Amino acid sequence: MMRKKSVSASKASLVLFLCQMISALEVPLDSKLLEELSQPPTITQQSPKDYIVDPRENIVIQCEAKGKPPPSFSWTRNGTHFDIDKDAQVTMKPNSGTLVINIMNGGKAEAYEGVYQCTARNERGAAISNNIVIRPSRSPLWTKEKLEPNQVREGDSLVLHCRPPVGLPPPIIFWMDNAFQRLPQSERVSQGLNGDLYFSNVQPEDTREDYICYARFNHTQTIQQKQPISVKVFSMDSLNDTIAANLSDTDIYGAKPVTERQPVLLTPTGSTSTKVELRGNVLLLECIAAGLPTPVIRWIKEGGELPANRTFFENFKKTLKIIDVSEADSGNYKCIARNILGSAHHVISVTVKAAPYWITAPRNLVLSPGEDGTLICRANGNPKPNISWLANGVPIAIAPEDPSRKVDGDTIIFSHVQERSSAVYQCNASNEYGYLLANAFVNVLAEPPRILTSANKLYQVISDSPALLDCAYFGSPKPEIEWFKGVKGSILRGNEYIFHDNGTLEIPVAQKDSTGTYTCVARNELGKIQNEVQLEVKDPTMIIKQPEYKVVQRYGHVSFECIIKHDSTLLPTVIWLKDNDELPDDERFLVGKDNLTIMNVTDRDDGTYTCIVNTTLDSVSASAVLTVVAAPPTPAIIYARPNPPFDLELTGQLERSVELSWIPGDENNSPITNFVIEYEDGLHEPGVWHYQTEVPGTQTTVQLKLSPYVNYSFRVIAVNEIGRSQPSEPSEQYLTKSANPDENPSNVQGIGSEPDNLVITWESLKGFQSNGPGLQYKVSWRQKDVDDEWTSVIVANVSKYIVSGTPTFVPYEIKVQALNDLGYAPEPSEVIGHSGEDLPMVAPGNVQVHVVNSTLAKVHWDPVPLKTVRGHLQGYKVYYWKVQSLSRRSRRHVEKKILTFRGNKTFGMLPGLEPYSSYKLNVRVVNGKGEGPASPDKVFKTPEGVPSSPSFLKITNPTLDSLTLEWGSPTHPNGVLTSYILKFQPINNTHELGPLVEIRIPANESSLILKNLNYSTRYKFYFNAQTSVGSGSQITEEAVTIMDEVQPLYPRIRNVTTAAAETYANISWEYEGPDHANFYVEYGVAGSKEDWKKEIVNGSRSFFVLKGLTPGTAYKVRVGAEGLSGFRSSEDVFETGPAMASRQVDIATQGWFIGLMCAVALLILILLIVCFIRRNKGGKYPVKEKEDAHADPEIQPMKEDDGTFGEYSDAEDHKPLKKGSRTPSDRTVKKEDSDDSLVDYGEGVNGQFNEDGSFIGQYSGKKEKEPAEGNESSEAPSPVNAMNSFV
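Positions in the sequence shown are counted from 1; adding 1241 to them yields our numbering.
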């Protein structure tokens, strides 16, 4: 039976009708045929809908069309006829509808603005173009405006407005300077979509007078320039530097520094905005923020993800760009601007509308008289477009009636058309965002058959390959095609031929007897025509003697054979290649008719040589390897891989076995150790060779086990110590008989993917395991433990079957059995599977909590009934969270914790709880689908525990018989504090401990003055807090009472001050005692029980830099001296912080300061020389007189009233200390507290420090000195004091 594509006559009439529509005539693209057939007009080229023209050049409005006969053209302008003959400036190109409007010879482009439409018409219909809107481009000048200079403080935001003139099309905006260099842009400074230049925060380097906005109008190739904008940035640092020489240091340091600010959006304004974009366009959303430090912008889509592969970030992530947007991209887009101080956000509601776009555009229809057809015009958009039809450019409602035509919305149905039904129809789909216009003609033709293939065309093919004989045709109605062999032969039928719809006859396997003359006949009701073609089938080209592997000694010669057999009518050409490239251009290579000879072989000749034989119809090739070895001084045995076996023979063919024998090839001086037998399954995997077995090298026959329904071919490979031979030629093929499958599929499973189904899966059999054609599977199942029959279904060669409508999570017995056309495999074994799981139905009940101690609780629950689990029970999850601390009564963010208990457990332990806190928990059962409902929240409370150690302990104000203790409450009280316990005992010079005294202190106290102590005695203090449960860990400290009120004799270290940065801290102190003390610094995490870490100070310096600290951590620190009875300072506490950029300037690195210090030093040296001379003479010098007259009581050796040192003040003295000021508890240093503090000369507590401590040591490391005579002072010189004294 002929294999033609057809539609069954049993199909419904509607399907037949639609098929007729689809099978309308197609006109072949044959130039001669197209010249002879009548055809309605078709628009082939037109100008764009929105056509912006250069007003300085001629306007060319394109309109090209084709048709038979050639169409004529006419134009409308603004909906009325445009008579081009009445306008001397307008001409139409010959044989074309293209208009040329002459502007360069006096015409004005503005006079020709409007909407133009072209009509192409011939006797078969009229096609129309789109509405072409003509507008001349405009590039207006900038309006003159007076621009005031922008004066802005450093760190503030700034927007430079561009406001370009409105042009057509809109200009491209960019910012440049006077040198025509683009202004650099960054995360801090960038240009917005509106052309304005935004500064998130200004810096001193932004000061300039040539911020110029340029507008480039591409259509007119012009660039307009805005007047330059001046920006002046006032820097606080530069202001301080300018006035430093003329103002007091109080004025200098009173200037406000640059203030950091959290982000504020510069554009868009407000918290929300809207944006409408059209489908297919590029969506651009912008957010630019002010702030210091410069904010970073992040974009998210609320309730969804940003589309992958279409989302891009531009302008330093300030612009979100989504290309090719669709309705799915509608939604709320949020931009978030963030810096270290906070964040700001804005939500843009995006709505994607759509201009009309085609779903099915109407296509040209060629019909025969009496046929039916349809024109379909389907478009979509948002909003939904309106579809309207025109016929020959006229609305179809007022067009001439055609009884064969019926309009049904977006479809025109044609029935029993006649030649007068030919016309061009226009479909217009429009909404508020645009329109689509498509022309499609209906061409009714009555044409007798024509055969377009050349007569007596000769086709040549190789035997056993396909032959395709063409019979291109046309006719209306569509002709029927028949093929005959020979002039008077019978019509060709049968499975050995394939008849294509385009008239081509295919012979899948052409043989020699297929040669001959073939006749193609085309007929319809208007006539009949035939054409003859010739087919010649040629013998294939073969290489009957292939080149073989060669091993040749250096300087010898070698020859490769390539003997071919070919069809006598074909002329072959032989080409030799070396390593897939041309042979070297060397006379040593001699190419003969049947061979390639290489003379005087060298090492470079080593490689693969290929013989390629080409004819006009086919090509074959064969290769061999040449190995070049060194020539031995004496003849030597050449060892090589064995030659391949040959003469393979199959005997004793049975259903499941066969005997294979062969003759071994040459051993090449290395005995064959074994033979490898491989097989090819030509039925299931042709061209793929598989390992079959292996036999010893002395054996040349083997009995092979076979599988049913396999088309076997065998080959043998010989192996010796050198390697493997080339495979032998394949044996003859042996097709084993089909049989029932021997085995069933493996890995059968039944697991439900939904609560109401059972998915049965298995591993399919391999091709040769099928044992016969028609491999299928019998899938059977029944509910376990229910008296039910097996349900079975036979499926194709697949690996899955889904059973629907099952109860939730019930066991099933499952088995899968293989079968083929000959029968079934053995009975398969059964496996147990389950239908799909669903979420558990009930929550665990009777949840009880037993609080074991202050940090551990045990929770119990009743197990849920297994039927309510509705799946594999995986365990229970306990959700628990802290509600509040009972001691602080303050709620915090709830962080739920989850513990999972596997299996059917009914209890679990909750570790790591916080003492004296209120908790809630619930329990949920878990199966493979997920978690069930939660049990009601259970509230429990943990009892009090012992507190942590006090956060700090400081001992200050030592007197003869008293010490002042200050402390901080524990970080974790773990209950209600009842009291503090203070224990202390004296320590003598031999470090022996005296009697221990214990004092209980009320919990609301934070300081204590211990009185009645021994003078000049070291005490060790132990301090901890208590709750009702017991005492917490203790903190220790040591301190010494002074000997008398005049001067402490015992060495001491006091006024330990710290200045911390992110990862290091500068420690400084004051020392009183013998010289050459060896200091060390001990530190650790505040409140930690870990041992103190010790760092040795190099030399006798009174400062040290602790490095490698953790940011944001509280540390305790103390300073001690070795070899002096092991005394130490009291503890100090400081906290590291995040590194923050500072705008302060290190005064010690300023050139003016260094110069000033040099001048001061020189002046002091001169004064000292003068003083020395005056003192030697016994007189007073002016400076001495001035000091005597205006003595500063704070730098005098002794106070007059009590004889104590001037540098100490008692508790009643309210003067600020000039020296040794301790850092306050908030770790800030005020200006009035110390003239030479780290704040004045370094970067402040949170600033950056010189890690080697050199600068801090020079100006903040002060020691108490002995009272001095004359003008000497006990205060270390301060740069500021020195400067003020000099002035």
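Virtual Cβ for every residue (Gly too), placed ideally from N, Cα, C.
In this text the structure is predicted, and so the values were computed from the model without any measurement.
query = When you compare only the Cα positions, how much space is there between Ala2355 and Tyr2312?
reply = Cα-Cα distance, rounded: 25 Å.
Exercise. Keeping to the same chain, check which residues put their C-beta closer than 7 Å to that of Gly1923; ignore five residues upstream and five downstream.
Key: These residues qualify, in order along the chain: Asn1952, Ser1954 and Gln1974.
Looking only at its chain, what residues have a beta carbon closer than 7 Å to the beta carbon of Gln2024, apart from the 5 residues adjacent to it on each side? So the list reads Val2051 and Tyr2053, once near-sequence residues are dropped.
Closest to Ala2280 by CA distance: which of Gly2361, Val2217, Ala2302 and Ala2300 is it?
-> By alpha-carbon distance to Ala2280, the top candidate from Gly2361, Val2217, Ala2302 and Ala2300 is Gly2361.
Quiz prompt | Closest by C-alpha distance to Ser1860, when choosing among Glu2239, Asp1808 and Val1899 | solution = With distances taken between CA atoms, Ser1860 lies nearest to Asp1808 out of Glu2239, Asp1808 and Val1899.
So Gly1716 and Arg1691 are supposed to be a Cβ contact under 8 Å. How far apart are they, rounded?
The pair is a contact, with the Cβ atoms about 6 Å apart (cut-off 8 Å).
- Query: Of the choices Gly2396, Thr1857 and Leu2347, whose alpha-carbon is the least far from that of Phe2375?
  - Reply: It is Leu2347 whose Cα lies nearest to the Cα of Phe2375.
Legend entry - N- and C-terminal bounds of the beta strand (DSSP E) containing Thr1513: Thr1513: member of the beta strand (DSSP E) spanning Thr1513 to Leu1519, first to last residue.
Just list the residues that DSSP pairs Pro1937 with in beta bridges.
For Pro1937, which the question treats as bridged, DSSP gives the partners Asn1915.
Let me know the secondary structure DSSP gives Arg2409 once reduced to three states. Just to set this straight, residue 2409 is Leu in the shown sequence, not Arg. DSSP places Leu2409 in helix when its eight states are reduced to three.
- request: Report yes if the C-beta distance between Gly1471 and Asn1391 is below 8 Å; otherwise report no.
  value: It should be noted that the sequence gives Ser, not Gly, for residue 1471. In contact: Ser1471 and Asn1391 (Cβ atoms closer than 8 Å).
Identify every residue that forms a DSSP beta bridge with Ile1369. Note: Ile1369 sits in a beta bridge opposite Thr1360.
What is the rounded straight-line gap between the Cα of Arg1897 and the Cα of Val2110? Spanning the two alpha carbons is a distance of roughly 53 Å.
* To do: Could you check which residue in Lys2182, Val1762, Leu1606 and Ile1904 has the C-alpha nearest to that of His2091?
  => Out of Lys2182, Val1762, Leu1606 and Ile1904, Lys2182 has the C-alpha closest to the C-alpha of His2091.
Residue(s) in a DSSP beta bridge with Cys1304:
Looking at the DSSP assignment, Cys1304 forms a beta bridge with Gln1287.
Pull the bridge partners of Tyr1953 from the DSSP assignment, please.
For Tyr1953, which the question treats as bridged, DSSP gives the partners Asp1922 and Tyr1975.
| message | Give me the DSSP bridge partner(s) of Ile2250. | response | Per DSSP, Thr2205.
* To do: Check each candidate in Arg1449, Thr1461, Thr2304 and Ser1313 and name the one with the smallest Cα separation from Lys1473.
  => Nearest neighbour of Lys1473 by Cα position, chosen from Arg1449, Thr1461, Thr2304 and Ser1313, turns out to be Arg1449.
task: Please work out which residues of its chain come closer than 7 Å, Cβ to Cβ, to Val1505, disregarding the five sequence neighbours upstream and downstream, and give them in chain order.
output: The residues Ala1530, Ala1531, Gly1532 and Ala1585, in chain order, have a CB closer than 7 Å to that of Val1505 in the same chain once the five nearest residues on each side in sequence are set aside.
*asked:* Our contact map puts Gln1465 next to Trp1383 with C-beta atoms below 8 Å; I'd like the distance itself, whole angstroms only.
replied: 6 Å between Cβ atoms; contact.
Requested in this report: Note down, in chain order, each residue of its chain lying with its Cβ closer than 6 Å to the Cβ of Val1588, except the 5 sequence neighbours on either side.
Outcome: Excluding residues within five positions, the ones whose Cβ falls inside 6 Å are Thr1513, Asn1573 and Lys1575.
Contact set for Asp1447: own chain, Cβ-Cβ below 7 Å, skip 5 residues either direction
Leaving aside the five residues that flank Asp1447 on each side, the residues in its chain whose CB is nearer than 7 Å to its CB run, in chain order, Phe1440, Val1472 and Val1474.
*asked:* Considering only DSSP beta bridges, list what Val1832 is partnered with.
replied: Val1832 pairs with Leu1837.
Handout entry: Span separating the alpha-carbon of Lys2427 from that of Met2398
Key = Confidence in Lys2427 is poor, its pLDDT being 39 and thus under 50, which makes the residue's placement unreliable; the coordinate value appears in the next sentence. Whole-angstrom Cα-Cα distance: 23 Å.
Buried or exposed for Lys2108, going by 16 or more other Cβ atoms inside 10 Å? Its Cβ having fewer than 16 others within 10 Å, Lys2108 is exposed.
- Would Thr1939 be called buried (16 or more neighbouring beta carbons within 10 Å of its own) or exposed? By the 16-neighbour rule on beta-carbons within 10 angstroms, Thr1939 is exposed.
- Message: Across the region 1402-1414 and the region 1310-1322, are there enough close Cβ pairs to call them in contact, namely three or more that are closer than 8 Å?
- Response: The count of Cβ pairs closer than 8 Å, one atom from the region 1402-1414 and one from the region 1310-1322, stays below three, leaving the stretches out of contact.
Discussion item. In the DSSP assignment, the beta strand (DSSP E) including Lys2195 goes from what residue to what residue?
Written reply: Counting along the chain, the beta strand (DSSP E) containing Lys2195 begins and ends at Pro2191 to Thr2197.
Is the beta carbon of Tyr2157 closer than 8 Å to that of Ala2136? The sequence shown places Glu at residue 2136, not Ala. The answer is no: Cβ separation not under 8 Å.
Check for me: the alpha helix (DSSP H) holding Thr2109 runs from which residue to which? It spans Leu2107 to Val2110 - the alpha helix (DSSP H) in which Thr2109 sits, taken as one unbroken run.
With DSSP collapsed to three states, give me the class of Met2398.
Three-state DSSP puts Met2398 in a helix.
- prompt: Alpha carbon to alpha carbon, how far is Glu1984 from Leu1945?
  reply: The C-alpha of Leu1945 is placed about 20 Å away from the C-alpha of Glu1984.
**Report entry** Of the listed residues Ala1881, Ser2033, Gly1727 and Pro2014, nearest to Gln1967 (C-alpha basis)
**Finding:** Nearest option by C-alpha distance: Ala1881.
**Request:** Taking Ala1664 as part of the beta strand (DSSP E), name the residues at either end of that continuous run.
**Result:** Per DSSP, the continuous beta strand (DSSP E) segment holding Ala1664 begins and ends at Ala1664 to Asn1672.
Below 8 Å on the Cβ atoms is my guess for Tyr2221 versus Ala2266; work out the distance and round it to an integer in Å. The pair is a contact, with the Cβ atoms about 5 Å apart (cut-off 8 Å).
Name the one or two DSSP bridge partners that Asn2094 has. Answer is Leu2097, bridged to Asn2094.
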